[in-house]
Structures are given as C-alpha cells and as structure tokens.
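*Asks:* In our numbering, the protein residues as written are 4 to 296.
Before I ask anything, let me first share the structure, which is written out below as structure tokens.
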Amino acid sequence: MNPNLIPCPYCCSPGHPKFVYAGKNYFHCHRCDLIFSPLSKEDVEASIRHYRDCYYDASADDQLSPPRLEIHEKILDLLEKAREPGTLLDVGCGRGAFLRAAARRGWAAQGIDPSLDSIREAATVLKGCVFCTTLNDFDPPGIYEVVTMINVLDHLPDVRQAVTRAAALLQDGGFLYLRVPNTLFHTSVFRLASSARILWPLRRFCIFHQCSLTPRFLRGLIHDAGLTTMTIKNAPLAGGYRSRGADAASRPAAVLDRSVYAVARLGEIISRGWILIGPSLEVLAAKDTDRNR
Ligand SMILES: [Zn+2]
Numbered sequence: 004m005n006p007n008l009i010p011c012p013y014c015c016s017p018g019h020p021k022f023v024y025a026g027k028n029y030f031h032c033h034r035c036d037l038i039f040s041p042l043s044k045e046d047v048e049a050s051i052r053h054y055r056d057c058y059y060d061a062s063a064d065d066q067l068s069p070p071r072l073e074i075h076e077k078i079l080d081l082l083e084k085a086r087e088p089g090t091l092l093d094v095g096c097g098r099g100a101f102l103r104a105a106a107r108r109g110w111a112a113q114g115i116d117p118s119l120d121s122i123r124e125a126a127t128v129l130k131g132c133v134f135c136t137t138l139n140d141f142d143p144p145g146i147y148e149v150v151t152m153i154n155v156l157d158h159l160p161d162v163r164q165a166v167t168r169a170a171a172l173l174q175d176g177g178f179l180y181l182r183v184p185n186t187l188f189h190t191s192v193f194r195l196a197s198s199a200r201i202l203w204p205l206r207r208f209c210i211f212h213q214c215s216l217t218p219r220f221l222r223g224l225i226h227d228a229g230l231t232t233m234t235i236k237n238a239p240l241a242g243g244y245r246s247r248g249a250d251a252a253s254r255p256a257a258v259l260d261r262s263v264y265a266v267a268r269l270g271e272i273i274s275r276g277w278i279l280i281g282p283s284l285e286v287l288a289a290k291d292t293d294r295n296r
C-alpha cells in the first residue's frame, strides 16, 4: 500500500490524507466515508485516561450551559414523538444533566460515563442510576427501550464496536439516538478558514475529534449494526436562547446560528433529507425485530 495511505479502522480500505487539525493527521476512506485520525495502542490508552481523569475538568461548565440544556429538551421532544417515556440509557452521561431532564419528563433513565468525578456528582441526584464504566465494560441491570449517545460517538476509537454494543442493549423495537458533529459542515468551514488568514477565526467553529462522521457513513454504520434508520437530519441548534433577553454582544452569534440552521434546513427540505449540511446531525434508529430474524 502507498505509504501515504492508512487503513480505515472501519472497513480496512485505504484512507487518503485529508487535512491536519490541531497537530493530528486526518484521513478519508472513500469507501465508507469515514474521516479518522489513526490511533496507536498507546494513543487509545491515553484517550481512556483522558476521559477517565481529565474530561470532567475540561467540560464541566459546558455540560450545564443553557445551549446544552436546551439541546436535551429538544432530544426528548424527538424521542417522545417516537414513543412514550420508558427505560433509557445515556452513554457518556457526564454530570447527568440529560438524565435529570429525562427523569423530570417521566423516563426511567440510567447513565454510564468513564469519568469518576462526573459519576460521583451525578450520583448525588441520580443515586443507583449512574455507573462509572465504559460501554464495553458495562454490565447492564436490564435492557433498554432507548439508548442515547449525545456528542459521544466521534470521541470513540471504534465506532462499529460502540454502536453494535449499544444495539445489543436495546430491546426489540427499541431506539438508538445519536447526535454528532456533521463532517460535511466542519470540513467545509475548515477549508474556507484555511484559505485566507483573515478567515482563520472561523476555525473555532470546526469540531474534529477522534473520527468525523458524514450522513453516508452513519447510514452504513446503522445498517451494519443491524438497526434501521428512522431519521437522519440536521440537529436543531441551541443558540436560540441568545436571542431571548440576551446581551447585545451575543446577538450576532445568535443570528449566525439561526441563519446557518435555516440554510441547512432549506437544503434538507428541498432534497427530501438527502442534503444534510448543518453543523450537527441527529440519527434515530430502530432495532427492527423482523430484520434480525
Ligand atoms: Zn472505511
């Protein structure tokens, strides 16, 4: 194989150099559409330590910010269009903000997270419902009607393993919900931001973690995990709160957020859901009992 090509961790096809971001090389697999940063065994171990020991300090405030809390309510709105509140597992629950919102709305919600600090705090309100563990190591007390992974999947080294495991935790007819940054948006902004120094501030809108996921990749991933895609669409942005009683300085950002989402929604509607260019995607997939027979 060409030394510039790196095997795709999902399908083993050659991954082509795509870009460098924050000192990491990213590659694109043309076959499955995954964009990934290669990981050594040591990198995986360092990543596990980071989420276990450091992630709380890096993200604690953001987890309880008004935009995040607004996102949680919107996710529950979507889930409750699909089914009545029931049993739910939130993978990567952090401090438990989504679980608390779900519990308020009648869900029997449990969560897992590798961060001991996060789980310790979440357990003060959600005693017995949160577990400090990873998806792979989790020994569930039962199976679930819904499993959620909110801005989690792109942090993981093995997305196939994660979604397959999440699917195994679902009861027949259950739903998997995913929210992830949309690669199509972030690579476009990154390309634009890299084109001229004056546009470099746009880089702060770019999000690239361990891997980067497109609508095409997500459709394949869901199918390969034995699930059926019910919905894949632009996820609502949570910047709207800034327009309501917000200070003047935050209004331009709110207008930009709303404009970006409006353009993305227009493309989605005109293309009947095939053109998805918003900053985030959300996926709702069902465990189809007939398909797995
Ligand atoms: Zn691939």
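C-beta atoms are modelled at their ideal positions from N, C-alpha and C, and glycine is treated no differently.
Please read all numbers here as calculations on a predicted model, not as lab measurements.
(1) Apart from the five residues just before and just after G177, which ones in its own chain have a Cβ nearer than 8 Å to its Cβ?
(2) Inspect the beta-carbon positions of T186 and A228 and report whether they are closer than 8 Å.
(3) Counting only the same chain and skipping the five closest in sequence on each side, list residues whose C-beta sits under 6 Å from that of T136.
(4) Could you tell me the boundaries of the alpha helix (DSSP H) in which P88 lies?
(5) Would you kindly report the start and end of the unbroken beta strand (DSSP E) that includes T232?
(6) Within a Cβ cutoff of 6 Å, which residues of the same chain sit near K77, ignoring the five residues on either side of it in sequence?
(7) Less than 8 Å between the beta carbons of V183 and L156, yes or no?
(8) Output needed for G248: all residues of its chain with C-beta closer than 8 Å, excluding positions within five of it in sequence on either side, in chain order.
(9) Mind checking N7: buried by the 16 CB within 10 Å criterion, or exposed?
(10) Any residues whose CB sits closer than 6 Å to a heavy atom of ligand 1? List them in chain order?
(11) Quick check on DSSP: helix, strand or coil for I225?
(12) Between D36 and T217, is the Cβ-Cβ spacing less than 8 Å?
(13) Thinking just about the alpha-carbon of each residue, which of A265, D260, T234 and L287 is nearest to the one in W277?
(14) Rounded to whole angstroms, what is the Cα-Cα separation between C32 and E124?
(15) Given F188, which residues of its chain have a CB within under 7 Å of its CB, disregarding the five upstream and five downstream residues?
(16) Please determine, among L221, L224 and L230, the residue with the shortest C-alpha to C-alpha distance to P173.
(17) May I have a chain-ordered list of the alpha helix (DSSP H) segments no shorter than 4 residues that lie completely inside the segment 105 to 159?
(18) Return the CA-CA distance between C96 and T90, expressed in angstroms with no decimal places.
(19) Using only CA atoms, which one of A104, R194, L119 and R71 lies nearest to Y59?
(20) Which class does L8 belong to by DSSP, given the choice of helix, strand or coil?
*Replies:* Reading from the atomic positions:
(1) I146, Y147, E148, V149, V150, A289 and K290
(2) no
(3) I115
(4) Segment: none, P88 is in no alpha helix (DSSP H) and carries neither H nor E.
(5) L230 to N237
(6) P239
(7) yes
(8) Its pLDDT being 47, under 50, G248 is placed unreliably by the model, and nothing is read from it.
(9) exposed
(10) The answer, residue by residue, is C11, Y13, C14, S16, C32, R34, C35 and L37.
(11) I225 falls in the helix class under three-state DSSP.
(12) yes
(13) T234
(14) Computed Cα separation, rounded: 40 Å.
(15) I280, G281 and P282
(16) Checking the displayed sequence, the identity of residue 173 turns out to be Leu instead of Pro. If you compare the alpha carbons of L221, L224 and L230 with that of L173, the shortest gap goes to L230.
(17) 119 to 125
(18) 15 Å
(19) L119
(20) coil
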